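Protein chains in written order, with our numbering: chain H, 10 to 369; chain W, 10 to 369.
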């Protein structure tokens with residue numbers, strides 16, 4: 010029932026997944042509505058069943074409130090089924106805050122996990138990098154950045170098949186003088202986790218699309234900004250491209266010459282082809298699809314959700330890696346060195362002089 | 010002396026500004042080097058003078074250390090001149106952290122300002138929006154976001170000529186359930202400042218390039234990420250564009266048809282045409298140019314720096330607007346040397362961070 014184009018796109022996507030990949034799909038929602046849509050998709054012979062849920066969480070509802078006040082929502086019913094083992098994965102294109110909240114409340118967190126996080130593929134180099142957290146945790150502690158690195162590593166290793174995924178922390182510059190308290194503290198812990206975590210250091214916004222790292226660790230506030238800028242800048246560029254490939258005779262002719270390449274680029278930028286973002290750190294496979302998902306995106310997201318490696322290996326690996334986080338690891342504070350001491354003296358002199366100077 | 014392409018690009022840019030706009034330029038740096046470059050540019054008849062500075066702050070130096078330890082650097086000498094009234098504006102393409110730090114130490118902050126910030130133009134809609142802070146203040150308080158809104162408003166009003174600049178706070182979604190403690194608290198203050206500040210609410214990363222707001226307020230950590238993603242994504246797209254407009258006969262033919270439009274787009278995306286980012290909130294006109302600035306960028310930055318409105322009106326407006334921030338929104342009033350105290354805190358934070366940083 011969730012998503013801007015639901016129920017049409019979700020049901021059609023389910024039918025496509027069942028038809029193309031033979032995946033068994035359970036549709037949780039208003040039975041009457043879902044049946045009508047299934048009929049429209051000639052899905053009678055497909056391995057699709059319906060489980061009725063009488064309530065719907067809308068896109069604008071406050072997540073906590075929605076989860077607590079609507080025990081019969083499709084979200085609730087779906088996660089309860091997953092918890093009872095009546096399914097391998099649960100996918101929703103609805104209110105992502107509520108989806109994450111319901112997963113945490115109903116499935117619970119994996120052992121050792123403090124904050125589950127959303128991992129999103131972003132275009133990078135010739136392939137994709139995983140950005141985690143994609144917007145669930147707006148305020149985080151340093152430990153959370155560490156667990157995001159752990160969860161991203163497990164996913165990249167088993168789902169993307171990268172043996173030693175390169176993990177970078179998104180910051181405002183190379184390590185040393187840059188970063189904030191959180192990134193600096195998380196870096197110390199991640200460095201101590203070698204070789205379990207292949208931490209490569211800070212990366213900047215410029216590096217995300219360069220293929221510098223396989224896993225880009227950040228808090229949910231910055232993560233959301235990153236994703237939305239890419240979306241916004243991407244459509245800004247697409248608009249511009251359409252404008253000069255399409256206007257006038259020259260533009261139209263140019264378009265005819267290169268339209269296949271333009272489509273290929275658009276497809277590579279369109280992460281919806283990869284289908285959905287996992288909510289990592291919960292006790293089960295919870296998948297979140299973009300609110301604007303069309304049928305094809307839903308189809309792909311169902312394929313990703315049902316992936317053998319995701320269903321069987323990722324969570325086990327997360328729990329194992331979480332155990333390897335050094336207990337209470339914190340940056341060691343070194344005693345003030347000579348350089349710092351000299352600097353303090355210079356600074357004091359300067360300040361004394363400024364205070365003595367007549368104010369303007 | 011500062012910038013990746015200095016001294017060639019800076020001196021040539023100065024010669025261009027003097028020639029094209031008749032601006033009087035004082036070049037601060039190694040006299041011998043500057044004279045050689047001026048000779049190369051046939052600048053003898055131009056209104057350019059040289060002031061010698063024996064030291065140079067390099068791009069890799071830690072800002073505090075550089076500012077404190079090199080009293081004869083071109084940065085120091087330049088700002089001291091500005092403070093004595095021997096110039097209207099100071100521009101540097103060097104180490105931006107050191108440039109900002111030197112401005113704060115030597116010029117001091119404007120009355121009421123806690124944290125000066127860098128305002129950067131970003132492509133938006135048919136024009137540009139101003140992103141503030143562009144990376145100077147990595148850790149901020151809610152009050153700082155408010156003063157960034159004030160400073161951005163003053164600049165957009167007088168330099169860009171927008172009478173009621175629309176101010177948005179960069180966040181992870183519309184107001185209500187989104188944002189963090191800082192953005193929510195700053196929003197309350199900004200709303201109370203109507204009509205002096207035209208606060209339009211939260212905006213997301215998606216809105217930055219859409220022309221939704223004229224002033225985009227954010228902390229320096231997120232601001233840096235935003236700018237670098239745009240840079241990175243921009244060159245990613247440029248690479249892709251080059252690849253399909255240039256490969257094979259079809260691509261080359263398409264390029265011939267639309268290359269003028271491609272150049273126009275690139276020029277619009279290239280904010281270096283606007284020339285430099287002001288460091289707002291200091292007692293003077295301090296302008297920061299991108300480290301990779303070429304001669305044309307320097308020329309344009311000099312024109313911006315010397316703009317009548319910037320030199321005469323922006324700082325006055327900032328001080329006036331700062332007075333209108335509701336007293337409750339201000340951090341606790343500090344004793345007599347308030348300005349010095351704030352600076353001391355800033356420097357101390359920086360030093361603590363240096364101690365925590367791994368030694369290289």
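Here a beta-carbon is modelled for each residue, glycine too, at the ideal position from N, C-alpha and C. Every value quoted in this text rests on a predicted model; they were computed, and no experiment measured them.
At a cut-off of 8 Å between beta-carbon atoms, residue 213/H makes contact with chain W.
Non-local C-beta neighbours of residue 81/W in its own chain, meaning closer than 7 Å and more than five positions away in sequence, comprise 62, 63 and 64, ordered along the chain. With the criterion set as a beta carbon lying under 9 Å from some beta carbon of chain W, the members of the stretch 169 to 182 of chain H are 179, 180, 181 and 182, in sequence order.
The continuous beta strand (DSSP E) containing residue 127/H extends over residues 126 to 133. In the DSSP assignment, residue 208/H is bridged to 176/H. The beta carbon of residue 55/H lies closer than 7 Å to those of 24, 27 and 28 in the same chain, with the five residues before and after it left out.
Within chain H, the residues 237 and 241 have their CB atoms less than 9 Å from the CB of residue 216/W, given in chain order.
Residue pairing from DSSP places residue 38/H in a beta bridge opposite 61/H.
Assignment of beta-bridge partners to residue 137/W by DSSP yields 132/W. Along the stretch 92 to 109 of chain W, there is no position whose C-beta sits under 7 Å from a C-beta of chain H.
Classified as exposed, residue 172/W has fewer than 16 neighbouring CB atoms from the shown chains inside 10 Å of its CB. Taking every protein chain shown into account, the CB of residue 224/W has 16 or more other CB atoms within 10 angstroms, so this residue is buried.
Counting other Cβ atoms within 10 Å of its Cβ, residue 79/H reaches 16 or more and is therefore classed as buried. Taking C-alpha positions only, residue 289/H is separated from residue 324/H by approximately 8 Å.
Approximately 6 Å separates the beta-carbon atoms of residue 177/W and residue 210/W; this is inside 8 Å, confirming the contact.
Under the three-state reduction of DSSP, residue 291/W is assigned to strand.
Following the DSSP letters along the chain, one finds residue 235/W in no beta strand (DSSP E) but inside the alpha helix (DSSP H) bounded by residues 229 to 253. Residue pairing by DSSP places residue 296/H opposite 100/H and 287/H in a beta bridge. The Cβ neighbour count for residue 45/W, taken over all protein chains shown within 10 Å, is under 16; the residue is labelled exposed. Within the same chain, 126, 141, 142 and 226 come within 6 Å of residue 157/H by CB-CB distance, once the 5 residues on both sides are set aside.
About 6 Å separates the CB atoms of residue 102/H and residue 300/H; that is less than 8 Å, so the two are in contact.
Along the stretch 253 to 265 of chain H, the positions whose C-beta sits under 7 Å from a C-beta of chain W are 253, 254, 259, 260, 262 and 263, read in chain order. Comparing alpha-carbon positions, the option among 15/H, 69/H, 108/H and 271/H lying closest to residue 39/H turns out to be 15/H.
Think of a sphere of 7 Å around the beta carbon of residue 246/W: the chain H residues whose beta carbon falls inside it are 246, in chain order. Setting aside the 5 residues that flank it on each side, residue 293/W is surrounded in the same chain by 91 and 116, each with a C-beta closer than 6 Å to its C-beta; the list follows chain order.
Look at residue 231/W: its C-beta is under 8 Å from a C-beta on chain H. Using beta-carbon distances, residue 144/W counts as an interface residue toward chain H, with a partner under 8 Å. Taking a contact as a CB-CB distance under 8 Å, the pair residue 215/H and residue 133/H does not count as one, their CB atoms being some 12 Å apart.
Residue 32/H places its beta carbon less than 8 Å from that of residue 315/H. In the displayed model, residue 168/H falls within coil according to three-state DSSP, outside both helix and strand.
The three-state reading of DSSP puts residue 225/W in strand, counting E and B together. Spanning the alpha carbons of residue 34/W and residue 184/W requires a straight line of approximately 47 Å.
A Cβ of chain H is located within less than 8 Å of the beta carbon of residue 219/W. Ranked by Cα distance from residue 195/H, the first of 149/H, 328/H and 98/H is 149/H.
Within the DSSP secondary-structure output, residue 82/W pairs in a beta bridge with 64/W.
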